[in-house]
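As structure tokens, the structure follows; a few thoughts come after it.
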Amino acid sequence: MSDPYAWIEQSLATIHRADWYRSVQTIEGCPGATVLLQGQEVINFASNDYLGLAGDERLILAATAAVQEFGTGSTGSRLLSGHKKIHRELEKAIASLKQTEDAVVFSSGYLANLGAITALVSKRDLILADQYNHSSLKNGAILSGAKIVEYPHCDVEAVKSELQRLRPDYRRCLIATDSVFSMDGDLCPLPALIDLAQEFSCMLLVDEAHATGVLGKTGAGCVEHFGCTGKQLVQIGTLSKALGSLGGYVAGSATLIDYLRNRAPSWIYTTALSPADTAAALAAINIIQQEPQRRTQLWKNVDYLKNLIHQYLPNLKLLPSQSPILCLEFAKATDALQAGNQLKSAGIFAPAIRPPTVPTSRIRISLMATHEQTHINKLIEQLSLTFH
Ligand code: PMP
């Protein structure tokens, strides 16, 4: 009898041969602008902790107090034994930040996308999705059973012509897009997508994972940045990036949220968000509203780095970005890998991202409000030495 698991080893070998093998690296201590990576102190340009809140004393205290009061585990799903008053407090705080009627929290942003998409569309429906959407949107679309059409990145004309061609053949239509594209740093053309959604009677789902806390005057995200607050949207997000915790959410109309509580399997059939994560996220929402200076500092850092790149590294290709995610593109994966390794030896953590994760190889730099100018100067110095 042949070993039914033997193929796994062969498959891993194929991944190794293609140079696509991924392995984890250990970070020690509290998150921050500098961290210990495999025992080496590095300046951290690989974190989603945009506002530097993941190690903030107030989040730590809130999480600790929640554990003392409610214990470590939620013990059940929200509809059975898992629902706590802090879950509703957090949902109300998210709705207030987003200026939506209501919100519902999931155990992760990934699960929020899976749950919302599978609840909103199915076999008789159409999904129009940006080709660079995050994996959770892509897999949610597949899981829903709807017809999926991916449009070229941010191409509004393509969305329009697909809607003209296909919309009449389908019952419901969902346009789904990241708001900040996580591996590029650019923004979706939200106002134009809202217009098209209205013209063709489509729902519009926008994933604010990298925008919440970062974009918009009050940190509400890309929707606020584009002046689209109050529009009928399905807003998804995560509690794990600028909010420094763990979990995800959907924000929107009271009817939408009520429906999701009854129809989103990744909410109904999973254990409620842990007390510690819930309380930390709640503390973070208060901070992002009360301390806009964190956002101001983050954007100062973005401008500072962009200017230095233009000034000192004119030969490197900076991908268009309107966010704290800045990517330097390389023609060859080996060049990007080499650059990533050289930066790491110099104490700078800015990893190379390669196909198949992204279409072209790049060094991805993620800025935080807590980066100091000296950190950014060091990155530029090192890049200049490598690419002078
Ligand atoms: N959407 C986007 C655009 C993301 O980048 C991520 C996380 N990388 C997620 C959703 C998933 O969020 P979470 O980590 O909370 O599962």
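3 is the number of the first residue of the sequence shown in this note's numbering; add one for each residue after it.
Don't be surprised by glycine CBs; every beta carbon is placed ideally from N, CA and C.
Proximity to residue i [Cα-Cα], best of the options
i	options	result
Gly246	Pro357, Ala274, Leu284	Leu284
Gln27	Ile290, Leu39, Leu248, Asp21	Leu39
Ala20	Arg174, Val106, Ser242, Pro357	Pro357
Trp269	Glu59, His89, Ala348	His89
Gln237	His227, Lys243, Gly229, Tyr251	Tyr251
Ile289	Glu59, Arg80, Tyr23, Leu387	Glu59
Ile45	Phe228, Asn343, Leu385, Ala352	Ala352
Ala199	Leu345, Gln166, Gly223	Gln166
Leu235	Tyr261, Cys204, His227	Cys204
Glu43	Thr376, Lys346, Gln375	Lys346
Leu130	Leu176, Glu159, Thr273, Lys302	Leu176
Asp260	Leu113, Asn50, Leu122	Leu122
Pro322	Leu369, Glu30, His373, Leu189	Leu189
Ala244	Gly57, Arg126, Tyr314, His312	Gly57
Ile96	Gln384, Asp5, Gly249, Gly75	Gly249
Ser138	Leu113, Ala15, Ser363	Leu113
Asp337	His312, Ser363, Tyr314	Ser363
Gly117	Pro267, Gln340, Thr240, Glu374	Pro267
Gln324	Ala333, Gln340, Asp305	Asp305
Asp180	Leu168, Arg174, Leu195, Pro170	Leu195
Leu387	Tyr314, Leu339, Tyr7	Tyr314
Lys86	Thr280, Asp127, Leu258	Thr280
Cβ-heavy atom distance, residue i to the ligand PMP, below 7 Å
i	result
Tyr251	no
Thr120	no
8 Å contact criterion, which residue i and residue j should meet: CB distance rounded
i	j	result
Lys149	Tyr172	7 Å
Val216	Leu192	Contact flag wrong, Cβ pair sits at about 15 Å.
Ala371	Leu300	4 Å
Glu93	Asp104	7 Å
Ile327	Val182	7 Å
His136	Ala211	7 Å
Ser124	Ser146	6 Å
Cys329	Gly187	6 Å
Tyr381	Ile355	It should be noted that the sequence gives Leu, not Tyr, for residue 381. 16 Å between Cβ atoms; not a contact.
Phe47	Ile287	Rounded, the Cβ-Cβ distance is 25 Å, inconsistent with contact.
Asn317	Phe389	6 Å
Leu79	Thr298	Note on residue identity: the sequence assigns Ser, not Leu, to residue 79. Not quite, the Cβ-Cβ distance comes to about 40 Å (not below 8 Å), so this is no contact.
Val161	Leu128	Val161 to Leu128, Cβ: 12 Å. No contact.
Span separating the alpha-carbon of residue i from that of residue j
i	j	result
Gly54	Gln133	30 Å
Ala65	Leu99	21 Å
Pro277	Cys32	20 Å
Ile62	Leu275	16 Å
Gly73	Ala282	14 Å
Ala335	Ala143	29 Å
Ala253	Val106	7 Å
Asn115	Gln12	32 Å
Pro294	Gly218	10 Å
Leu307	Ile378	6 Å
Arg263	Ala256	11 Å
Met185	Pro361	10 Å
Ile119	Phe108	13 Å
Gly84	Gln292	30 Å
Trp22	Ser242	26 Å
His18	Asn343	18 Å
Ile10	Ile365	30 Å
Ser163	Asp197	14 Å
Ala392	Met3	In the structure as shown, the chain starts at 3 and stops at 390, and residue 392 therefore has no counterpart that could be examined.
Thr376	Lys233	41 Å
Ala68	Arg296	25 Å
Glu159	Tyr153	9 Å
Glu30	Thr36	11 Å
Thr231	Glu201	19 Å
Cys156	Glu331	19 Å
Gly34	Glu374	11 Å
Thr16	Ser49	29 Å
Asp5	Leu14	16 Å
Ser25	Ala348	21 Å
Lys319	Ile311	9 Å
Asn303	Leu339	25 Å
Arg174	Arg265	16 Å
His227	Tyr52	17 Å
Leu82	Tyr271	10 Å
Leu385	Thr359	23 Å
Gly41	Leu258	47 Å
Leu206	Gln70	40 Å
Ala333	Glu383	22 Å
Under 5 Å from any heavy atom of the ligand PMP, by CB: list those residues in chain order, please. Ser110, Gly111, Tyr112, His136, Ser138, Asp180, Ser184, Asp209, Ala211, Thr240, Ser242, Gly250
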